[in-house]
Ligand SMILES: NC(=O)c1ccc[n+]([C@@H]2O[C@H](COP(=O)([O-])OP(=O)(O)OC[C@H]3O[C@@H](n4cnc5c(N)ncnc54)[C@H](OP(=O)(O)O)[C@@H]3O)[C@@H](O)[C@H]2O)c1
C-alpha cells in the first residue's frame, strides 16, 4: 500500500471532518430494529471510532428506533468538540420494523426532539431530511412543506445545518431555494453509480456527498475485478472499494457501517490506500457492467 496524498478532510457544516467516518446503523438489532445482540460490543465499537480518529458519525433516531442514538450517548457523551454527529429525519418505524414516511412539519419537529433527547444535545449540528428510499432510487416530488419545516427548526436554533438524503438534483435545487444545504446522502458505491452527475454537481457547489451503502449495504460488494485489484494493492476488497470512492471526488465523505471492531479498523486503513489510475479504471468498469 502507498501512502495517500489526497485531501483527508472536508468542511461539513461547522466542522472539519476526516473523510473516513462511521455509519452507526449496523449497531441496532436485525433489520435495524430492536437492541443489538451484544450491547457491550456496540459500545466498544463506538468508543473505538473516536480512538481511531473518526470525527463524523452518521445516525438516526429511527435506527432501533431510539436505540442507536442511546448507544452513542452512552458511549461518547459528553462529546468531544471536534465530533460531528449527523442525524436524519423523515421516517418512523412500524411495530413490524417497517419504514413509514414521516414528512409533515409536526412529524419532522417531533423527530428533531427525539434526536435531541436521545443524543443528549441542545442543538443538532447537521440533520438530513431523508426522502423515501426505494430500490429504484430517489423519486421526484415536491419537498417544499418538509424543507420549510426544516428551515423553521434551523431558525429556532434546534438544527445548525441541513442536508438531504435520497434526493434528486431537482430536489436539491428546490431545497437550496429554501435553505442552504451542506450535504447529500444517497446510495452510491462501485456497483451503483447512478449518482455520478450529482457527485460532480455537489462538488462544484461545495456540498458534501455522503454515499450510503458504500460497501454495498446488507450484502457487501462482491466482484472478481475488485478481488483482483485488491490483491494487487495488498488490501482487502472492501478497503479497495472505499479507497476508490475517496479518490472519486474530494467532496465524498465515507460512513461505512459495521458492528465489528476488527472491520472498523480495516475500514479506517482504507484512507491510507492510494490506487493507481489503472486500478481506478478497472474498478470503474464494475459500475458500467452493473449498469
Ligand atoms: N439515508 C439513508 O436512507 C441510509 C440508508 C442506509 C444506510 N444509511 C447510512 O449509511 C451507513 C452505511 O451503510 P450500511 O452500514 O448500511 O452499509 P455499508 O457500509 O455499505 O455496509 C455495511 C455492511 O458491510 C459489512 N462490513 C463493514 N465493514 C466490513 C469489513 N471491513 N469486512 C467485511 N464486512 C464489512 C457490515 O457487516 P459487519 O457489521 O459484520 O461488519 C455490514 O453488513 C449506515 O450505517 C447509515 O448510517 C443511510
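Residue numbers (this note's numbering): -6 to 284. Glycine residues also receive a C-beta, built at the ideal position from the N, C-alpha and C atoms. These figures come from a predicted structure and were not determined experimentally.
Status (buried if at least 16 other CB within 10 Å, exposed otherwise) for residue i
i, result
"residue 185", "buried"
"residue 198", "exposed"
"residue 111", "buried"
"residue 31", "exposed"
"residue 172", "buried"
"residue 220", "exposed"
"residue 206", "buried"
"residue 170", "exposed"
"residue 270", "exposed"
"residue 228", "buried"
"residue 71", "exposed"
"residue 81", "buried"
"residue 89", "exposed"
"residue 258", "exposed"
"residue 135", "exposed"
"residue 23", "exposed"
"residue 127", "exposed"
"residue 224", "exposed"
"residue 188", "buried"
Residues of its chain near residue i, where Cβ-Cβ distance is below 6 Å and the 5 sequence neighbours each way are ignored
i, result
"residue 255", "none"
"residue 57", "21"
"residue 236", "263, 266, 268"
"residue 9", "2"
"residue 100", "none"
"residue 76", "48"
"residue -5", "Note on residue -5: pLDDT 39, under 50, position unreliable in the model; the coordinate value appears next. Closer than 6 Å at Cβ, skipping near neighbours: 267."
"residue 152", "117, 120, 146"
"residue 87", "93"
Whole-angstrom C-beta distance between residue j and residue i, which should lie under 8 Å
i, j, result
"residue 78", "residue 85", "With a Cβ gap of about 20 Å, residue 78 and residue 85 do not count as contacting."
"residue 27", "residue 21", "7 Å"
"residue 191", "residue 202", "7 Å"
"residue 131", "residue 161", "5 Å"
"residue 260", "residue 178", "Not really, about 18 Å apart at Cβ, beyond 8 Å."
"residue 175", "residue 5", "6 Å"
"residue 125", "residue 168", "With 8 Å as the limit, residue 125 and residue 168 do not qualify as a contact, their Cβ atoms being about 15 Å apart."
"residue 252", "residue 34", "7 Å"
"residue 247", "residue 12", "6 Å"
Same chain, Cβ closer than 7 Å to residue i, neighbours up to 5 away in sequence not counted
i, result
"residue 277", "none"
"residue 98", "138, 142"
"residue 95", "83, 84, 85, 104"
"residue 226", "-6, 233, 266, 268, 272"
"residue 145", "none"
"residue 163", "133"
"residue 194", "162"
"residue 148", "none"
"residue 150", "116"
"residue 73", "43"
Contact set for residue i: own chain, Cβ-Cβ below 8 Å, skip 5 residues either direction
i, result
"residue 216", "183, 184, 230, 279"
"residue 18", "25, 51, 52, 53, 56, 61, 250"
"residue 65", "17, 39, 50, 52, 78, 112"
"residue 274", "none"
Measuring CB atoms only, is the segment 94 to 105 touching the segment 37 to 45, in the sense that at least three cross pairs come out at less than 8 Å?
no
Taking contact to mean at least 3 C-beta pairs separated by less than 8 Å, is the segment 0 to 11 in contact with the segment 237 to 247?
yes
Count Cβ pairs between the segment 41 to 52 and the segment 151 to 163 that sit closer than 8 Å; are there 3 or more?
no
Could I get the ranges of all uninterrupted beta strand (DSSP E) runs contained in the segment 111 to 176, with 3 residues as the minimum, in chain order?
You should have 117 to 123, 152 to 158.
Threshold first: 4 residues or longer. Then list the alpha helix (DSSP H) segments lying entirely within the segment 41 to 78, N to C.
Runs of the alpha helix (DSSP H) inside the segment 41 to 78: 60 to 69.
Output the residue ranges of the alpha helix (DSSP H) runs that lie fully inside the segment 216 to 254 and measure 4 residues or longer, sorted by chain position.
217 to 226, 230 to 241
Residue ranges of each alpha helix (DSSP H) within the segment 2 to 44, 4 or longer
32 to 44
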